[in-house]
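Residues 1 to 94 (our numbering) are what the sequence shown spells out, left to right. This report concerns only the one structure given below.
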Amino acid sequence: MELIEKHASFGGWQNVYRHYSQSLKCEMNVGVYLPPKAANEKLPVLYWLSGLTCNEQNFITKSGMQRYAAEHNIIVVAPDTSPRGSHVADADRY
Numbered sequence: 001m002e003l004i005e006k007h008a009s010f011g012g013w014q015n016v017y018r019h020y021s022q023s024l025k026c027e028m029n030v031g032v033y034l035p036p037k038a039a040n041e042k043l044p045v046l047y048w049l050s051g052l053t054c055n056e057q058n059f060i061t062k063s064g065m066q067r068y069a070a071e072h073n074i075i076v077v078a079p080d081t082s083p084r085g086s087h088v089a090d091a092d093r094y
């Protein structure tokens, strides 16, 4: 897994990682918000699955969830739910 973005946010970090999906046979991105306490404590994790044609950026840039996740000490994982590539069904009709 490769870290491709890292931004300070409400005392924590909004990261974006890239990895290869064996199941989908393509590169995928996932956004992970780590609140301040994540460095030293085990915290609950919320997985946010956006709708079809959305990627990890839709949620992490438009929702404002980082403030609430930092306040309530929740790690938030937001994967790209619409992988792109020649081997993946990525049209709106799916």
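We put the beta carbon where it would ideally sit given N, CA and C, even for glycine. As the structure is a computational prediction, the values presented were derived from the model and not from experiment.
Reduced DSSP category for residue i - H, G, I as helix; E, B as strand; rest coil
i	result
Asn-40	coil
Lys-106	Nothing about residue 106 can be reported from this structure: the residues present for the chain run from 1 to 94 only.
Asn-73	coil
Asn-55	coil
Close Cβ partners of residue i (< 7 Å) along its chain, the five nearest in sequence each way excluded
i	result
Lys-6	Trp-13, Asn-15
Cys-54	Thr-81, Ser-82
Nonlocal neighbours in the same chain, by C-beta distance under 6 Å from residue i, ignoring five residues either side
i	result
Ser-21	Met-28
Ser-9	Gln-66
Distance CB(residue i)-CB(residue j) smaller than 8 Å
i	j	result
Tyr-33	Met-1	no
Gly-31	Glu-71	no
Leu-43	Ile-75	yes
Ala-69	Pro-36	no
Ala-78	Phe-59	yes
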